[in-house]
Amino acid sequence: SQQGEEDPQALSIQEGENATMNCSYKTSINNLQWYRQNSGRGLVHLILIRSNEREKHSGRLRVTLDTSKKSSSLLITASRAADTASYFCASSNEKLTFGTGTRLTIIP
Amino acid sequence: EPEVTQTPSHQVTQMGQEVILRCVPISNHLYFYWYRQILGQKVEFLVSFYNNEISEKSEIFDDQFSVERPDGSNFTLKIRSTKLEDSAMYFCASSGGVVVYNEQFFGPGTRLTVL
Chain D
3 SQQGEEDPQA LSIQEGENAT MNCSYKTSIN NLQWYRQNSG RGLVHLILIR SNEREKHSGR
63 LRVTLDTSKK SSSLLITASR AADTASYFCA SSNEKLTFGT GTRLTIIP
Chain U
16 EPEVTQTPSH QVTQMGQEVI LRCVPISNHL YFYWYRQILG QKVEFLVSFY NNEISEKSEI
76 FDDQFSVERP DGSNFTLKIR STKLEDSAMY FCASSGGVVV YNEQFFGPGT RLTVL
C-alpha cells in the first residue's frame, strides 16, 4: 500500500466556507509538511508541523497532527477563489513522501 | 525572496537520448533533492544530496540517473538514455539549516517529454 493518502480526493466548496483535508501516513516521521500545487505548476510549501507538535497555525491555515493515528489535517478558513489548487501532505524523514493529494475547488 | 530555479522549463527529447536538467538551489542551503511527478500521479522522491554525495536514493533512481553539483551553485540531474516512461515533471528542491528535517523549497519544475 502507498504512504500518504489524502481524503477527500476532491472537494468543492463555496467561497467563504472552511475546507478540511485529511492525510494519513504509514511510518514514523520527523515532521509532516503540507504543500500546494496549482495546475501544472510547482509545489509551494505551506506549513511544517513537527512530530512533537499537535497543532500549528499560519494565517488562515490550521494543521493538526496525531502521531498515534498517523494522521494530519489541514484546515483552510474563510476560503477564497485563489485557494483553488491541489493540496498534498508529505511525511518527512529527510526525504519527503507525498500523498495523493486533494483537489480543492472554491466556487465564487 | 530567494527561490529555487530550474532550466529548461520544458525539454523534449527522443528516446535513448541523454538529458541534463538544471537547478539552482537557494544559495545557503545544504540539502538538495530531485523529485518527479508523472502526469496525474503523486510526487515521487528520486534522490537527496548532501556534502557532495548522494545521501539517499529511491528504486526509481537507477544507473540511468546521476546527479552532480559541478560548481557552487548548480545541481544537475542527468538521464543517460531516456525512456518513454521518463516523461514527467521533474522538481528540484533544497533545504537549509543545520538539520536535514526542514521545509523543502521547490523549483517550478522541468517538464520532460520523451518521444
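Sequence lines, in order, name chains D and U.
If you use the numbering used here, the first sequence corresponds to residues 3 to 110, in order.
If you use the numbering used here, the second sequence corresponds to residues 16 to 130, in order.
Just so it is clear, CB atoms sit at the ideal spot from N, CA and C, and this is done for glycine as well.
The structure presented is a predicted model; accordingly, all values stated were derived computationally and were not measured.
Its chain contains 66, 67 as the residues whose beta carbon lies nearer than 7 Å to that of residue 56 of chain D, once the 5 sequence neighbours on both sides are disregarded; these appear in chain order. Taking 8 Å as the upper bound for CB-CB distance, residue 109 of chain D and residue 16 of chain D are in contact here, some 5 Å apart.
A Cβ-Cβ separation of about 7 Å places residue 92 of chain U in contact with residue 80 of chain U under the 8 Å criterion. By the 16-neighbour rule on beta-carbons within 10 angstroms, residue 29 of chain D is exposed. Here the alpha carbons of residue 61 of chain U and residue 71 of chain U stand approximately 8 Å from one another.
Within the model, the alpha-carbon separation for residue 41 of chain U versus residue 46 of chain D is close to 14 Å. Looking at the backbone, the Cα of residue 96 of chain U and that of residue 21 of chain U are separated by about 21 Å.
At a C-beta separation below 8 Å, residue 122 of chain U has these neighbours in chain D: 44. Nearest in C-alpha terms to residue 83 of chain D, of all of D/25, D/90, D/19, D/70, is D/19. Put simply, of D/107, D/106, D/101 the residue whose alpha carbon is nearest the alpha carbon of residue 56 of chain U is D/101.
The beta carbon of residue 82 of chain U lies closer than 6 Å to those of 62, 64, 92 in the same chain, with the five residues before and after it left out. DSSP places residue 54 of chain U in the coil class of the three-state scheme, outside both helix and strand.
Counting the other Cβ atoms within 10 Å of the Cβ of residue 33 of chain U gives fewer than 16, which makes it exposed.
Spanning the alpha carbons of residue 104 of chain U and residue 73 of chain D requires a straight line of approximately 28 Å. Look at residue 71 of chain U: its C-beta is under 8 Å from a C-beta on chain D.
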